[in-house]
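Take a look at the structure below.
Numbering (my numbering), first residue to last: 15 to 143.
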């Protein structure tokens, strides 16, 4: 089973992911956890068992408080062992955010509205690992 932490301040995000990945969740292939802020995501990850379980973090960039780029920076700084794969999500596909995310160690950069078919393709190699 692959555990994914989705970090986004939009209230409809958990329901959207649960609907789009209903089959994978039911079969036990994927499990999702949700955080509504960078601070909440860090608190979740700081619980050792959660950190070791999470394979992928999908984080929105634009959130109140700690933004997704700061969350990414903290995740990469805090863990000597390779952290989970991190993919950034933004409604603004601007070059500066993309460059910053990649410099900070994001593995991918997705734009909203999310293309769930494309996301499934990106998840396949991680699920096989």
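No residue lacks a Cβ here, since even glycine has one placed at the ideal position from N, Cα and C.
Residues bridged to residue i [DSSP beta-bridge criterion]
i           : result
residue 101 : 72, 122
residue 45  : 17
Rounded Cβ spacing between residue i and residue j (contact assumed at less than 8 Å)
i          : j           : result
residue 83 : residue 118 : 6 Å
Rounded C-alpha distance that separates residue i from residue j
i           : j           : result
residue 38  : residue 92  : 31 Å
residue 116 : residue 99  : 12 Å
residue 143 : residue 71  : 16 Å
residue 133 : residue 106 : 17 Å
residue 130 : residue 90  : 26 Å
residue 64  : residue 33  : 23 Å
residue 136 : residue 110 : 23 Å
residue 30  : residue 73  : 15 Å
residue 59  : residue 50  : 13 Å
residue 104 : residue 126 : 6 Å
residue 140 : residue 113 : 23 Å
Contact test: residue i Cβ vs the ligand HEM heavy atom, cutoff 6 Å
i           : result
residue 125 : Looking for the ligand HEM in the displayed structure turns up nothing, as the structure carries no ligands at all.
| task | Taking 8 Å as the threshold, find out whether the segment 44-52 comes into contact with the segment 16-29 through three or more Cβ pairs. | result | As far as the Cβ criterion goes, the segment 44-52 touches the segment 16-29, which means the pair count is three or higher.
| field | Inter-stretch contact at 8 Å, needing at least 3 Cβ pairs: the segment 77-93 / the segment 21-28 | value | With a cut-off of 8 Å on Cβ pairs, the segment 77-93 is in contact with the segment 21-28, counting three or more such pairs.
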